[in-house]
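Residue numbering for the first sequence follows our numbering, starting at 1122 and increasing by one per position. All C-beta atoms, glycine included, are put in the ideal place defined by N, C-alpha and C.
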Amino acid sequence: MLDIKFIRENPEKVKQGIINKNEKDRIDEVLEIDQKRRELILLADELKSKRNQVSSKIPQMKKAGQDVSNLLAEMKTVSGQITELDSKLREIEENLNSILMYIPNIPHESVPVGKSAEDNVVVRQWLPEGFSFTSENGLKPLDHIEIGKKLNILDFERGAKISGSGFPVYKGKGATLERSLINFMLDYHLHNHNYSEIFPPFLVNEDSMKGTGQLPKMADDMYIINLDGLYPIPTAEVPITNLHRDEILNEKDLPIKYVGYSACFRREAGSYGKESKGFLRVHQFNKVEMVKFVKPETSFDELESLVKDAEDILQALNIPYRILMLCTGDLSFSASKCYDIETWSPAENKWLEASSCSNFVDFQARRANIRFRNEQTKKPEFVHTLNGSGLATSRLMVSLLENYQTPEGKVIVPKVLQKYTGFNLID
RNA sequence: GGAGAGAUGCCGGAGUGGUUGAACGGGGCGGUCUCGAAAACCGUUAUUCUGCUUACGUGGAAUCGAGGGUUCGAAUCCCUCUCUCUCCGCCA
1122 MLDIKFIREN PEKVKQGIIN KNEKDRIDEV LEIDQKRREL ILLADELKSK
1172 RNQVSSKIPQ MKKAGQDVSN LLAEMKTVSG QITELDSKLR EIEENLNSIL
1222 MYIPNIPHES VPVGKSAEDN VVVRQWLPEG FSFTSENGLK PLDHIEIGKK
1272 LNILDFERGA KISGSGFPVY KGKGATLERS LINFMLDYHL HNHNYSEIFP
1322 PFLVNEDSMK GTGQLPKMAD DMYIINLDGL YPIPTAEVPI TNLHRDEILN
1372 EKDLPIKYVG YSACFRREAG SYGKESKGFL RVHQFNKVEM VKFVKPETSF
1422 DELESLVKDA EDILQALNIP YRILMLCTGD LSFSASKCYD IETWSPAENK
1472 WLEASSCSNF VDFQARRANI RFRNEQTKKP EFVHTLNGSG LATSRLMVSL
1522 LENYQTPEGK VIVPKVLQKY TGFNLID
C-alpha cells in the first residue's frame, strides 16, 4: 500500500508510476476522498473534544448539587451528531482503503520504462565452462518430459489422474533428485549466505494474503479453502514475510534474512495451452524462498546481494543462466524493482524464468504493518521487504535434466548434489 | 466434535460506570554515586489519525483481542465475532 501522505504530496509522480506499470490510475479520486475524510475528522474531533470536556465536569457539578439536566440533554444531541459523523467517516475510510489496496507499488527510478516483457533488459549472462548453445553432435536434445518418461522419474499423467493437470508426480530417482535439490539449496543459503531457516505453514489466512499483496487484486490466481477461510500459499514469501506482521523490530536485528522451503500452489487461471506442458506451468511446485527485512537505506543494495545469492546456486550447479531487469510494465503489483533469473533450456531452445528477486520497499511493510524502531529518532519506521526464489525447482529441473543429459539419454547428477542423492547417474 | 476459562502497555499483573494512557512489580533508557561495575536513589518509558508549525514543537481525537450497542461519560455493562488455554472424545 502506498502512503496516503506521499500520494497527497506527490500526486503526479504516483500517477506516472502507475501508468508506467500499465495500471489504472485512480489518484484524483483518492485525493478527493482523502480531502473529504480529513474534513469529517476535523468536525468529529471538535465535537468529541467538547463532549469530553463537559463529561468530566458533570460529576463535579453533581457533587456541588448543581442541576445538570440541560447539559445532559445538550450532550445527548452532540453524541448523536458524533455517531452520525463517525459512521459517515467509517464509510469513507473503507472506501478509501479498498481503493488504496488496489493501487500498485510504483517502480523505482532505476527501473527502465517499458510496456511488456520484451522491454526487459538483460543485465548479465553466465555460462558454464565449455558451454555451447548448439549441441555438438547435431542431435536435438530430449526435452524434460521425454527424459522424465524414458527414465521413469516423472509422471504427469498419473498426477493428472489423482489431482488434475499441472500436478506432477516425481518418482524413484526423480523424487530423490527433487528432494536433494531442495536440501542442497537450503543448506547452501544457510551456510554460505547467512540466512536462518523457516519451515512455514502452507495454508495462511486472509490477512496474510493481504499483507504481501496477493489479495485482493490477485484473488483469481489463488486457491481458497472456503470452509476455513484459508489460502494455500502461492509462495513461501507469504507466510515468511507475515511472520513479523504487526511487529516493531529492533534496529540492531536488521537485516533479518530467512530462507524457507515450501510447496507452492497456483491456479494459473486462463493460462492453459501455451507454455503449459510438463513443468513449464504447474499448479503445485517446490520452491526455496529467501526473504529479507532491511533498513530502508540499504534495500537496493540488499536486492543486488539477493540476486547474487540465487545466482550462486546456479553456478554451483553449473547451469547456464541470465539476469533480466524487469521493465516497469512487467513489474508485479507489489514490486518496486525486480530481477528475473532465467535458466537455459536446450530442448525448448529458450530461457525459462527460475527466480524472481524483488524489492518491495515499504509497500508490503505498510500493508502488513512491519516496522523497526529507529535508534536515533526512537520512532518506528516501516522496514523494507525483499524476497527472491532461490530457486523454484520446477523450472530448474527442466534445465537440469536437459543440460545434464548424455547422448544415451541418461542424466548425470550435478557434482554438488551427489552427496545428497547418493547416486551420480540416473539411468 | 463436547464442556469450561480467558484475552489489559516491552513482560508479569491490578482494575466492574466519572482526572485510567491506565495502579503495582519487572525490564529498558537517562542521571546521581563509583577508578569501574553492582547495589541504592531520582527521572523517564506507547501507537495511530488530525489541526497549526513544519527544524524542534504544540493543540485535539482515538486505542485495554476485533466490531457493534447502552450512557452525558465505557478497560469496566450488553450483543456478535476471532483467537488462546484446560479437560474429554477423535486422530498423523
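- Of all alpha-carbon atoms in L1193, E1214, D1188, the one lying nearest the alpha-carbon of V1151 is that of E1214.
- Non-local C-beta neighbours of S1457 in its own chain, meaning closer than 8 angstroms and more than five positions away in sequence, comprise N1226, I1227, P1228, H1229, V1232, S1479, N1480, F1481, V1482, F1484, ordered along the chain.
- Inclusion of P1501 and I1303 in the CB contact set at 8 angstroms is not warranted, their separation being larger than that value.
- When secondary structure is reduced to three states using DSSP, Q1485 falls in the helix class.
- Shortest Cα-Cα distance from K1499 to any of N1141, N1371, A1384 involves N1371.
- Assigned with DSSP and collapsed to three states, T1464 falls in strand.
- Out of S1253, A1431, E1358, the CA that lies nearest to the CA of Q1335 is found in E1358.
- With contact defined as three or more Cβ pairs closer than 8 angstroms, the segment 1185-1193 and the segment 1399-1417 are not in contact.
- For the pair L1163 and I1203, the CB atoms are not nearer than the 8 angstroms cut-off.
- It is roughly 26 angstroms from the alpha-carbon of D1207 to the alpha-carbon of V1189.
- When beta bridges are read from the DSSP output, T1506 appears opposite F1414.
- When secondary structure is reduced to three states using DSSP, S1208 falls in the helix class.
- In this structure, DSSP gives Y1541 a helical state, which the three-state scheme calls helix.
- Here DSSP, grouped into helix, strand and coil, assigns M1518 to helix.
- The C-beta separation of M1306 from V1409 comes to about 4 angstroms, placing the pair in contact by the 8 angstroms criterion.
- If you draw a 10 Å sphere on the C-beta of G1285, you find fewer than 16 other C-beta atoms in it, and that means exposed.
- Of the residues assessed, R1492 falls on the buried side of the cut-off, its CB having 16 or more other CB atoms within 10 angstroms.
- The segment 1516-1523 makes contact with the segment 1460-1472: 3 or more CB pairs, one atom from each, lie closer than 8 angstroms.
- Between K1331 and the set T1362, L1375, I1319, the nearest pair of CA atoms involves T1362.
- In the DSSP assignment, A1281 falls within the unbroken alpha helix (DSSP H) covering 1277-1283.
- Taking 8 angstroms as the cut-off, the Cβ atoms of P1337 and Y1223 count as close.
- In the three-state scheme derived from DSSP, where H, G and I count as helix and E and B as strand, I1140 is classed as helix.
- Membership of K1378 in the beta strand (DSSP E) is indicated by the continuous run 1377-1386.
- With contacts defined by Cβ atoms closer than 8 angstroms, K1294 and D1276 do not form a contacting pair.
- Under the criterion of beta carbons closer than 8 angstroms, I1266 and K1398 qualify as touching, at roughly 7 angstroms.
- A contact between stretches requires three or more CB pairs, one per stretch, nearer than 8 angstroms, and the segment 1134-1154 meets this requirement with the segment 1435-1451.
- R1487 counts as buried, since at least 16 other C-beta atoms from the protein chains shown sit within 10 angstroms of its C-beta.
- By the criterion of a C-beta distance shorter than 7 angstroms, E1469 is surrounded in its chain by D1264, once the five residues flanking it on both sides are discounted.
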